[in-house]
Every structure is written in structure tokens, then in C-alpha cells.
Ligand code: ATP
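Residue numbers (this note's numbering): 334 to 646.
Below, the structure written as C-alpha cells:
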């Protein structure tokens with residue numbers, strides 16, 4: 334896979350390998366996240382997402398390959414680099430002895446850029462409906478996740494690295510979280526977030542990399558994925574039209590007439606619908622539906638393919 338030179342990438346990963354003893358978790362991954370992007374990192378259990386993210390924040394060290402985060406090697410960046418990153422770990426461990434407010438104030442004092450209490454975590458906690466008077470020990474999984482999100486987002490860091498951020502969140506909070514991600518991007522922040530499923534993040538992500546068994550199996554913009562998948566139109570005409578006359582039109586991939594009713598055509602479009610619409614305008618159209626096939630289904634098929642050494646890009 335070739336990746337354009339990315340001198341000023343927010344995240345640049347080249348040939349990254351990671352071994353845990355005899356087990357190989359990452360087998361040479363390449364990935365580049367541009368500043369201001371929302372970048373999805375998708376993969377099934379054990380694909381290597383958490384391993385790669387931990388390397389980005391220097392919780393783990395690579396076995397081989399190079400990693401640059403905000404232009405620096407995470408090993409050399411130290412506290413100064415960490416202060417520019419908001420990190421939500423996959424397995425969030427919170428000190429249960431405190432109440433939420435005390436813990437969030439502690440995080441703010443610890444990592445607030447420009448000194449203690451340089452950021453206010455309260456508006457975000459309120460937005461996510463977090464009861465900050467509660468003891469951390471008794472919080473549900475979803476509420477613990479909210480604490481993790483607040484500490485990651487509140488300082489408005491240049492880069493957010495979020496490992497399974499939607500895990501444990503109810504659908505309403507998930508929507509709020511996605512709105513926060515969009516707002517962060519609009520404010521110029523970069524977001525790198527992982528998920529098991531594309532559908533959770535496809536409406537916010539600009540680009541995605543799909544990882545399986547430590548390999549990159551796909552890197553694409555979400556828009557390009559959608560375009561490649563095309564659109565399926567079902568048209569009901571007042572009079573039958575020979576499928577062949579539709580099949581030759583620009584942008585049309587396949588055409589099928591319904592066996593039970595030759596007036597009904599199912600048309601797969603991979604390009605502009607313009608030629609089809611102009612042709613249909615010469616007929617009486619009784620009904621028309623258009624739908625995009627499920628992107629998730631494409632990603633799931635990548636999960637199931639047998640392992641291979643090559644990459645697909
Ligand atoms: P999930 O979606 O389940 O969190 P993941 O994509 O984040 O998975 P990783 O947690 O990075 O995947 O794990 C990648 C592989 O490395 C897995 O096979 C896992 O069992 C293995 N692994 C992870 N951590 C260790 C460790 N400390 N020691 C040995 N093997 C490990």
C-alpha cells in the first residue's frame with residue numbers, strides 16, 4: 334500500500350510490528366492521520382487496535398517500525414507531548430475511592446495545559462448527564478466511560494486518541510458523543526477512534542482503516558466507500574422497458590426486471606444517476622426507491638476473509 338508523504342501528519346505509522354513474546358499482534362501496519370481528520374480504526378476482537386493505540390501514547394513500545402505523533406516520537410515526547418493528547422484507554426481503570434468531581438479535578442490539575450485548573454470539565458460532565466457527586470466505585474460501566482470521555486475531551490487537546498469510546502454508552506449518549514467528535518473536528522482537533530463496527534462511526538469518520546489479525550485490510554475515505562458501493566434503485570414504470578435499454582446507460586452497473594412484473598426494474602448504480610433520470614423522464618414513473626447497501630456488510634465480509642500477507646488498499 335502506498336501512502337503519500339505525510340511530514341505534518343497528526344499520526345504517522347510506518348511498518349509497525351508488535352510482538353508479545355511469541356504472539357505477533359501487529360504485522361507491519363501503515364497509517365497516516367491528517368490534522369483535522371476524524372479517523373476510524375475498525376477491527377474485530379484481537380485485531381490489534383488497542384496495541385497500536387497504546388504505542389501511540391507510549392504505554393507500549395513497538396517491536397519494529399516507526400511512529401510519529403504530532404510530529405514526535407512518542408518515546409521522546411514525554412509529558413509535553415502527552416499534554417497535547419486526550420487519551421481514552423480501552424480498559425479504563427479509575428480510582429474508585431473518590432467522587433467523580435474530585436477525580437476530574439485531579440485530572441484537570443494533572444494535565445491541564447498552562448497549569449492547574451486551566452480547563453473546566455463541568456460543562457462536559459453536565460452535557461453527558463454525569464452525576465459528579467457519585468462515588469466512582471459505584472458507577473455503571475457507561476458512567477465510568479463518561480468520566481473517561483470528559484477527561485479526554487475537556488482540555489480540548491490537539492489530538493484525541495479514543496479506544497472504543499462508545500463502549501457502554503446508551504444510544505442517546507452515543508449521539509451526544511458523536512456530536513462532541515464533530516465539534517472537536519470543527520474546532521481543528523484531530524480524532525483517531527476505534528470501534529468494532531463501522532456503523533457506529535461511519536456518520537462522523539472522514540476515513541477508516543480496517544485492521545484484522547494485525548494487518549491493514551482496507552484504508553479508504555468513507556465517502557469513497559459509499560461511492561464504490563453505489564446505489565440500488567427500484568423503479569415501477571407504467572409500461573415495461575427492456576432492461577437492455579437501461580443497462581447501456583452511463584453509471585448503471587446492473588439491471589434486472591422483476592419476474593412477476595416486467596414493469597419493475599432493479600437498477601444498481603455506481604456512478605452519476607443523471608443518465609438514468611433523463612431516460613426515466615421519458616416514461617411514466619409510478620414509484621421509485623433508492624437505497625445504499627449497508628457499508629457494515631462490506632466491512633464484515635473483510636473480517637471473514639482468510640488471512641493473507643498482502644494488504645488491500
Ligand atoms: P479488542 O477489540 O478485543 O479490544 P484489539 O483489536 O484492541 O481487540 P489488541 O487488544 O490490541 O486487539 O490485541 C491484539 C492481539 O494481541 C490479541 O491477539 C491479543 O490477545 C494479544 N495481546 C494483547 N495484549 C497482550 C499481552 N499483554 N500479552 C500477550 N498478548 C496480548
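Cβ atoms here follow ideal geometry from the backbone N, Cα and C, with glycine treated the same way.
**Report entry** Inter-residue spacing [alpha-carbon to alpha-carbon] between residue 433 and residue 597
**Finding:** On the chain shown, position 100 is the one that residue 433 refers to. On the chain shown, position 264 is the one that residue 597 refers to. The straight-line gap from Cα to Cα measures roughly 60 Å.
Query raised in the report: Can you name the start and end residues of the alpha helix (DSSP H) that residue 414 belongs to?
Result: Position 81 of the chain shown, counted from the first residue, corresponds to residue 414. Element bounds for residue 414: 407–415.
**Report entry** For residue 453 and residue 486, the rounded distance between their alpha carbons
**Finding:** Here residue 486 refers to the residue found at position 153 when the chain shown is read from its first residue. Here residue 453 refers to the residue found at position 120 when the chain shown is read from its first residue. Counting only the Cα atoms, residue 453 lies some 11 Å from residue 486.
Requested in this report: Mark residue 366 as exposed unless 16 or more other C-beta atoms lie within 10 angstroms of its C-beta, in which case mark it buried.
Outcome: As a working mapping, residue 366 is identified with position 33 in the chain shown. Classification of residue 366: buried, given that the 10 Å Cβ count is 16 or more.
Query raised in the report: Between residue 514 and residue 493, is the Cβ-Cβ spacing less than 9 Å?
Result: The sequence position of residue 514 within the chain shown is 181, counting from 1. The sequence position of residue 493 within the chain shown is 160, counting from 1. Yes, the pair counts as a contact, with Cβ atoms nearer than the cut-off.
Query raised in the report: How is residue 620 classed by DSSP in three states: helix, strand or coil?
Result: In the chain shown, residue 620 corresponds to position 287, counting from 1. In this structure, residue 620 counts as strand in the three-state DSSP scheme.
Report task. Assign residue 572 to one of three DSSP states: helix, strand, or coil. Result -> Within the chain shown, the letter at position 239 stands for residue 572. The answer is coil: DSSP assigns residue 572 none of H, G, I, E or B.
Report task. Tell me whether residue 488 sits in a helix, a strand or coil according to DSSP, three-state version. Result -> Translated into the one-based positions of the chain shown, residue 488 becomes position 155. DSSP places residue 488 in coil when its eight states are reduced to three.
Requested in this report: Pull up the DSSP beta-bridge partners for residue 567, would you.
Outcome: Mapped onto the chain shown, residue 567 falls at position 234. Note: residue 567 sits in a beta bridge opposite 599 and 622.
Query raised in the report: By Cβ distance below 6 Å, which residues in the same chain neighbour residue 380 in space, the five residues on each side in sequence not counted?
Result: Taking the chain shown and counting its residues from 1, the one referred to as residue 380 is at position 47. Answer for residue 380: 544 and 545, listed in chain order.
Report task. Examine the ligand ATP and report whether any of its heavy atoms sits within less than 8 Å of the Cβ of residue 635. Result -> As a position in the chain shown, residue 635 is number 302, starting the count at 1. No, the ligand ATP has no heavy atom inside 8 Å of this Cβ.
Requested in this report: Let me have the residue list for the ligand ATP: C-beta closer than 6 Å to any non-hydrogen atom, ordered along the chain.
Outcome: 353, 356, 358, 376, 378, 379, 380, 381, 382, 383, 384, 423 and 529
Report task. Identify, in the order they occur along the chain, each residue of the same chain with its Cβ nearer than 7 Å to the Cβ of residue 516, setting aside the five sequence neighbours on each side. Result -> Translated into positions along the chain shown, residue 516 becomes position 183. Nothing meets the Cβ criterion.
Query raised in the report: Is it right to say residue 613 is buried, meaning 16 or more other beta carbons lie within 10 angstroms of its own, or is it exposed?
Result: Position 280 of the chain shown holds residue 613. It counts as buried.
Query raised in the report: Using the C-alpha atoms, what's the distance from residue 525 back to residue 536?
Result: The sequence position of residue 536 within the chain shown is 203, counting from 1. The sequence position of residue 525 within the chain shown is 192, counting from 1. Going by the C-alpha atoms only, they are around 14 Å apart.
**Report entry** Run of the beta strand (DSSP E) containing residue 358, from where it starts to where it stops
**Finding:** As a first step, residue 358 is located in the chain shown; it is residue number 25 there, counting from the start. Start and end: 356–366.
Query raised in the report: Is residue 437 closer than 9 Å to residue 484 when the C-beta atoms are compared?
Result: Within the chain shown, the letter at position 151 stands for residue 484. Within the chain shown, the letter at position 104 stands for residue 437. Yes, Cβ-Cβ distance for residue 484 and residue 437 is below 9 Å.
Report task. Have a look at residue 352 and residue 388 and give me their C-alpha separation to the nearest angstrom. Result -> On the chain shown, position 19 is the one that residue 352 refers to. On the chain shown, position 55 is the one that residue 388 refers to. Answer to the nearest angstrom: the Cα atoms are 12 Å apart.
Report task. Kindly provide the ranges of any alpha helix (DSSP H) runs that are 4 or more residues long and lie completely inside the region 429–480, ordered along the chain. Result -> 433–444 and 455–460
Requested in this report: Could you have a look at residue 555 and say whether DSSP puts it in helix, strand or coil?
Outcome: On the chain shown, position 222 is the one that residue 555 refers to. Residue 555: helix per DSSP, three-state reduction.
Query raised in the report: Of all the options 506, 609, 427 and 400, which has the alpha carbon lying nearest to the alpha carbon of residue 347?
Result: One-based indexing of the chain shown puts residue 347 at position 14. When only C-alpha atoms are compared, the closest one is 400.
Report task. Give the range of the alpha helix (DSSP H) segment to which residue 514 is assigned. Result -> Position 181 of the chain shown, counting from 1, holds the residue named residue 514. Residues 504–519.
Query raised in the report: So, do the region 624–634 and the region 571–580 have three or more beta carbon pairs nearer to each other than 8 Å?
Result: no
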